[in-house]
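All remarks here apply to the structure that follows.
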Amino acid sequence: MPPIPPHPAPGEPLPPPHGVLLIGAGGLGCATALALAGVIRTRLTLVDPDRIALSNLHRQILYHRDDLDALKVEQAARRLRHLAPALTVETRCARLDTPEAIGALACRHAVTVDASDNFRTRFAANDAAIRQGFPLIHGAASGFAGQLMTIDPGRSACLRCLFGAPPPVEGPTCQNEGVIGSLVGEVGWLMALETVKLLKKTGQPLWNRLLTIHALTGKRRAVPLRPDPHCPCHPQPGPVTP
Ligand SMILES: [Zn+2]
-12 MPPIPPHPAP
-2 GEPLPPPHGV
8 LLIGAGGLGC
18 ATALALAGVI
28 RTRLTLVDPD
38 RIALSNLHRQ
48 ILYHRDDLDA
58 LKVEQAARRL
68 RHLAPALTVE
78 TRCARLDTPE
88 AIGALACRHA
98 VTVDASDNFR
108 TRFAANDAAI
118 RQGFPLIHGA
128 ASGFAGQLMT
138 IDPGRSACLR
148 CLFGAPPPVE
158 GPTCQNEGVI
168 GSLVGEVGWL
178 MALETVKLLK
188 KTGQPLWNRL
198 LTIHALTGKR
208 RAVPLRPDPH
218 CPCHPQPGPV
228 TP
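In terms of this note's numbering, the sequence shown has 161 at position 174, counting the first letter as 1, and numbering is strictly consecutive.
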């Protein structure tokens, strides 16, 4: 498998960002990666620390029973390369849950997709995007509810505009509340669609909108958002010139 290139030496310029960084190779990540594999012809970098478990197979559609206990990123990369030989798939078996760790990888990619399953990683990705100015697509699903939004730092609302800070204890997750695999798939495919819009610079990404999906009622709603003037993502007024 192609290794991830080392950091450039201090003072050495970064190569132009290209491709997609996908954080999480669980249910959301599998659906997003599968959808992207049929569309993009650049590189896809998968990051996830975990191994494949039987209880997750219903929503992690890149894996089979024969894959149990294998590293998710390795199996996902194998399937994606077979499906889309033109796609360059890179992997990193790691838990990225600090803004610094996420930012170091994200700055090499054109778009970052947060398909993680915990608030710590989601807020770390959010904060890295705000600090470094890279576009970020956020998605989540648990129980019968899903949501996604796209963050354009400096111009659109971010996770902290909505929630302030991560909750002191992890909220509902796929592990403690369960989730419908088809709902996870829908959110994942929509995140792939957002990615394509950003890469192609077309359409209307979910900037300043939180798309909520309620599986039991079939309702979707694009909740309008505005950057919170007290949030670090909000552009600070420049100096007043006389
Ligand atoms: Zn914000």
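Each residue gets a CB set at the ideal place from its N, CA and C atoms; glycine is no exception. Computed from a predicted structure; not experimentally measured.
Residue i to residue j span [Cα, whole Å]
i      : j      : result
Ser129 : Arg208 : 17 Å
Pro219 : Asp53  : 46 Å
Thr182 : Gly90  : 18 Å
Ala202 : Leu58  : 30 Å
Pro211 : Phe150 : 14 Å
Leu8   : Ala116 : 12 Å
Lys188 : Pro122 : 12 Å
Pro231 : Arg147 : Residue 231 cannot be examined here, being either before or after the span of the chain that is shown, -12 to 229.
Val171 : His217 : 32 Å
Gly126 : Pro222 : 24 Å
Arg95  : Arg66  : 24 Å
Ala102 : Arg68  : 20 Å
Leu55  : Ala24  : 23 Å
Ile200 : Leu180 : 15 Å
Leu92  : Lys206 : 36 Å
Leu198 : Gly133 : 8 Å
Thr75  : Leu31  : 6 Å
Glu173 : Asp215 : 29 Å
Cys80  : Thr204 : 38 Å
Pro3   : Leu186 : 14 Å
Asp104 : Ile124 : 14 Å
Ala88  : Phe131 : 31 Å
Own chain partners of residue i with C-beta closer than 6 Å, once the 5 adjacent residues on each side are dropped
i      : result
Glu61  : none
His5   : Thr29, Ala97
Gln119 : Gly90, Cys94
Val166 : Ala128, Ser129
Lys184 : Gly190, Pro192
Contact test: residue i Cβ vs ligand 2 heavy atom, cutoff 6 Å
i      : result
Arg109 : Of the ligands one can find in the structure shown, namely ligand 1, none is ligand 2.
Cβ neighbours of residue i in the same chain (closer than 7 Å, five flanking residues each side left out)
i      : result
Arg213 : Ala144, Asn195
Leu21  : Ile48, Leu49
Thr78  : Met(-12), Leu33, Val60, Glu61, Ala64
Thr19  : Leu9, Val100, Ala102, Gly175, Met178, Ala179
Ala71  : Ala24, Gly25
Proximal residues to residue i (C-beta, below 8 Å), its chain only, five neighbours per side dropped
i       : result
Cys17   : Arg46, Gln47, Ile48, Leu49, Tyr50, Ala63, Gly175
Gly168  : Gly14, His45, Arg46, Ile48
His(-6) : Residue confidence is low: His(-6) scores 49 on pLDDT, short of 50, so the model does not pin down where it sits. Its coordinate-derived value is still stated next. Answer for His(-6): Ala91, listed in chain order.
Ala73   : Arg28
Count the CB pairs spanning the region 110 to 117 and the region 84 to 93 that are closer than 8 Å, and state whether there are at least three. yes
Do the region 132 to 150 and the region 32 to 52 make contact, defined as three or more Cβ pairs closer than 8 Å? no
List in chain order: all unbroken beta strand (DSSP E) runs of 3+ residues lying wholly within the region 102 to 143. 123 to 129, 132 to 138
Among all residues, which have a Cβ less than 5 Å from at least one non-hydrogen atom of ligand 1, and in what chain order do they fall? Cys145, Arg147, Cys148, Cys218, Cys220
Tell me, please, whether the region 178 to 194 touches the region 139 to 152 by the rule of three or more beta-carbon pairs shorter than 8 Å. yes
Measuring CB atoms only, is the region 33 to 41 touching the region 10 to 17, in the sense that at least three cross pairs come out at less than 8 Å? yes
At 3 residues or longer, what runs of the beta strand (DSSP E) sit wholly inside the region 10 to 44? 30 to 34
Which runs of the beta strand (DSSP E), 3 residues or longer, sit entirely within the region 63 to 109? 75 to 79, 98 to 101
Which ranges would you report for the alpha helix (DSSP H) in the region 168 to 226 if only whole runs of at least 4 residues count? 168 to 187
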